[in-house]
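**Q** Residue numbers (our numbering): 12 to 493.
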Amino acid sequence: MTDANTPPTRGRLLVVDDQRNMRATTALLLRAENYTVFEAATGEEALAQLASGSIDLLLTDLKMEPMDGLTLLRRALEVAPRLQVIMMTAFGSIESAVEAMRLGAYDYVTKPFKESELRYRVERALERARLLRDVDNLTTDFNQRHGLSALVGRSAAMRELTTRLMRVAQSDATVLIQGESGTGKELVARALHAHSRRKARSFVPVNCAAISESLLESELFGHAKGAFTGAVKARRGLFEEADGGTLFIDEVTETSPTFQSKLLRALQEGEVRRVGESTALRVDVRIVAATNRDIELEVRDKRFRQDLYYRLNVVALRVPPLRERLEDVPALAEHFLERANARSPNPKRLSAAAVAHLMSYGFPGNVRELENLVEQAAALAEGDELLPEDFPLRQGRMTPALGTPSVAFLDGQGGGAHRNASAGPTLAQVVEEAERHAITQALERHGVDLSRVADELGVSSTTLWRKMKRLNLRPPSELARE
Numbered sequence: 012m013t014d015a016n017t018p019p020t021r022g023r024l025l026v027v028d029d030q031r032n033m034r035a036t037t038a039l040l041l042r043a044e045n046y047t048v049f050e051a052a053t054g055e056e057a058l059a060q061l062a063s064g065s066i067d068l069l070l071t072d073l074k075m076e077p078m079d080g081l082t083l084l085r086r087a088l089e090v091a092p093r094l095q096v097i098m099m100t101a102f103g104s105i106e107s108a109v110e111a112m113r114l115g116a117y118d119y120v121t122k123p124f125k126e127s128e129l130r131y132r133v134e135r136a137l138e139r140a141r142l143l144r145d146v147d148n149l150t151t152d153f154n155q156r157h158g159l160s161a162l163v164g165r166s167a168a169m170r171e172l173t174t175r176l177m178r179v180a181q182s183d184a185t186v187l188i189q190g191e192s193g194t195g196k197e198l199v200a201r202a203l204h205a206h207s208r209r210k211a212r213s214f215v216p217v218n219c220a221a222i223s224e225s226l227l228e229s230e231l232f233g234h235a236k237g238a239f240t241g242a243v244k245a246r247r248g249l250f251e252e253a254d255g256g257t258l259f260i261d262e263v264t265e266t267s268p269t270f271q272s273k274l275l276r277a278l279q280e281g282e283v284r285r286v287g288e289s290t291a292l293r294v295d296v297r298i299v300a301a302t303n304r305d306i307e308l309e310v311r312d313k314r315f316r317q318d319l320y321y322r323l324n325v326v327a328l329r330v331p332p333l334r335e336r337l338e339d340v341p342a343l344a345e346h347f348l349e350r351a352n353a354r355s356p357n358p359k360r361l362s363a364a365a366v367a368h369l370m371s372y373g374f375p376g377n378v379r380e381l382e383n384l385v386e387q388a389a390a391l392a393e394g395d396e397l398l399p400e401d402f403p404l405r406q407g408r409m410t411p412a413l414g415t416p417s418v419a420f421l422d423g424q425g426g427g428a429h430r431n432a433s434a435g436p437t438l439a440q441v442v443e444e445a446e447r448h449a450i451t452q453a454l455e456r457h458g459v460d461l462s463r464v465a466d467e468l469g470v471s472s473t474t475l476w477r478k479m480k481r482l483n484l485r486p487p488s489e490l491a492r493e
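(1) To the nearest angstrom, how far is it from the Cα of Arg456 to the Cα of Ser207?
(2) Whole angstroms are fine: how far does the CA of Phe270 sit from the CA of Phe315?
(3) Check whether the region 170-190 touches the region 327-334, counting contact only when three or more Cβ pairs, one atom from each stretch, lie closer than 8 Å.
(4) Could you tell me the distance, in whole angstroms, from the CA atom of Asp72 to the CA atom of Gly80?
(5) Let's see if you can read the secondary structure: which residues bound the alpha helix (DSSP H) around Met370?
(6) Looking only at C-alpha atoms, which of Leu40, Lys313 and Ala51 sits nearest to Arg31?
(7) Could you check the C-alpha separation between Ala35 and Leu68 for me, to the nearest Å?
(8) What residues in its chain sit with their C-beta under 8 Å from that of Asn352, if we drop five residues either side in the sequence?
(9) Using DSSP with H/G/I as helix, E/B as strand and the rest coil, what is Ile260?
(10) When the Cα of Ala365 is compared with those of Glu338, Asp401, Phe374 and Gly394, which residue comes out closest?
(11) When the Cα of Ser225 is compared with those of Leu308, Val109 and Phe239, which residue comes out closest?
(12) Between the region 363-382 and the region 229-237, are three or more C-beta pairs nearer than 8 Å?
(13) Less than 8 Å between the beta carbons of Val186 and Phe250, yes or no?
(14) Relative to the alpha-carbon of Ala465, which residue among Ala167, Ser272 and Val263 has its alpha-carbon at the smallest distance?
(15) For Lys196, count neighbouring C-beta atoms within 10 Å of its own C-beta (all shown protein chains included) and say buried if the count is 16 or more, exposed if not.
(16) Opposite Tyr119 in the DSSP bridges: which residues?
(17) Please list the terminal residues of the continuous alpha helix (DSSP H) segment that includes Pro341.
(18) How many Å lie between Ala449 and Leu468 at the Cα?
(19) Report the CB separation of Gly255 from Arg209 in whole angstroms; it is logged as a contact under 8 Å.
(20) Which term fits Ala221, buried or exposed, when burial requires 16 or more other beta carbons within 10 angstroms of its beta carbon?
(21) Sorted by chain position, which residues of the same chain lie with C-beta nearer than 6 Å to Val9's C-beta, five sequence neighbours on each side aside?
(22) Between the region 84-103 and the region 128-148, do three or more beta carbon pairs fall short of 8 Å?
(23) Which word fits Thr474, buried or exposed, when buried means at least 16 other C-beta atoms lie within 10 angstroms of its C-beta?
(24) Tell me, please, which residues DSSP counts as bridged to Phe49.
(25) Please say whether Leu292 and Glu282 have beta carbons closer to each other than 8 Å?
(26) Report the CB separation of Gln189 from Thr302 in whole angstroms; it is logged as a contact under 8 Å.
(27) One question on the structure: do Leu337 and Ala445 come within less than 8 Å of each other, judged by their Cβ atoms?
(28) In whole angstroms, give me the CA-to-CA distance for Arg7 and Ser471.
(29) Rounding to the nearest angstrom, what Cα-Cα distance links Pro216 and Asp339 in this structure?
(30) Counting C-beta neighbours from all protein chains within 10 Å, is the total for Arg42 16 or more, i.e. buried, or is it exposed?
(31) What are the residues that DSSP puts in a beta bridge with Val215?
(32) Which stretch, first to last residue, makes up the beta strand (DSSP E) that contains Asp72?
(33) Could you give the DSSP three-state label for Ala136: helix, strand or coil?
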């Protein structure tokens, strides 16, 4: 049992050396620094210990028999890829040092070494091990919150978006995300970052519509001390904060032409200049921009620079509005309800009638509006099951895209809306219209190639044929021949 006054171990180390005295002396020195130290006389013995326990740092001699240090290094990293390794040798040379570092060693020390030098190198190696663990934990958490799992939906439109997203994520290409307010453009940007090579570095968002024009330049590029009234000290901008990572510039069309020219120069040159300074700073940043406007119209009307548009629109991603993928409403509603239930002592469940009620709505506020409706219903509903009357929907906002019957929501005071059940569609009708909408869109894209239509919709060709027959649907090319 560990004494309460004994400080916790600073790390778990494995010392490997076929010379017993050298191995024991090194281990003794490190134990005095409150490290937990294990010893091994051979490479095979070391590998057995690595396989059976959690080791943070391996210190191994380079010249050993029968397994030398480089062979042990290679095999150790196969067992534990995140393992930090320091090579120790009395036969140091540039060639062996380069080879060890190339194979994955963190550091290299030549015997006889000073105690202070060994302590310093061990501390650095363990600090790197801790940082890598933190990055792994943060990346896992980030993926859970902002990865593809956050992009809920199995509609053809969402499958197309996620497929395109995954293709571009690994590159450093600039991405322009377009979509209406509330569709989840920032979630898409975060998913891009989470699946990129830059995921271990910062994701830095900025909303241009939320910052005044006078402050936006300072916010993005930083400023020098005394650059303007109130600049009492120098400040790094968001470009510098995002160095090595991703900068998400939301609502980029809300900026003025003057600012757009400065942003264009930063993108072209890969450098920024703080307000009040003449020296430019190099930055390595991936740019992801977003807008809820028709950016091509903004360019035609001279409100957005054409050259900046071309610089941003290297890869375009369109986030579909919820009215174009109503078949995702049930999954989204369940997703938001699950999150709400996790914060509540009284979990709720969705009724089939409530799902049909939601699917009859056009959602002008898109996914954000659905999320708010579900959270409100989960918080205010009296029973365990959420019913249509728990979801007050805005009058006159029903779904024109699917051609569903108009549904009246009567609420003279603007709250506590109730659905007129006799005028509304049944669940079967709503599902049928959603199927008709999804199949029609797929047919418009693929025509007579029903195998591609079936593949896009995630059904077999036989199932597709039966649904088309039931819904009286034919490919557009067949209709054109009549």
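C-beta atoms are modelled at their ideal positions from N, C-alpha and C, and glycine is treated no differently.
**A** Here's the rundown:
(1) 30 Å
(2) 10 Å
(3) yes
(4) 6 Å
(5) Ala363 to Met370
(6) Ala51
(7) 17 Å
(8) Pro358, Lys359 and Ala389
(9) strand
(10) Asp401
(11) Phe239
(12) no
(13) no
(14) Ala167
(15) buried
(16) Met98
(17) Val340 to Ala353
(18) 8 Å
(19) 7 Å
(20) exposed
(21) Here the chain comprises residues numbered 12 to 493, so residue 9 is not present and cannot be evaluated.
(22) yes
(23) exposed
(24) Leu25
(25) yes
(26) 6 Å
(27) yes
(28) Nothing can be reported for residue 7: it is not among the residues displayed for the chain, which extend from 12 to 493.
(29) 27 Å
(30) exposed
(31) Leu258
(32) Leu68 to Asp72
(33) helix
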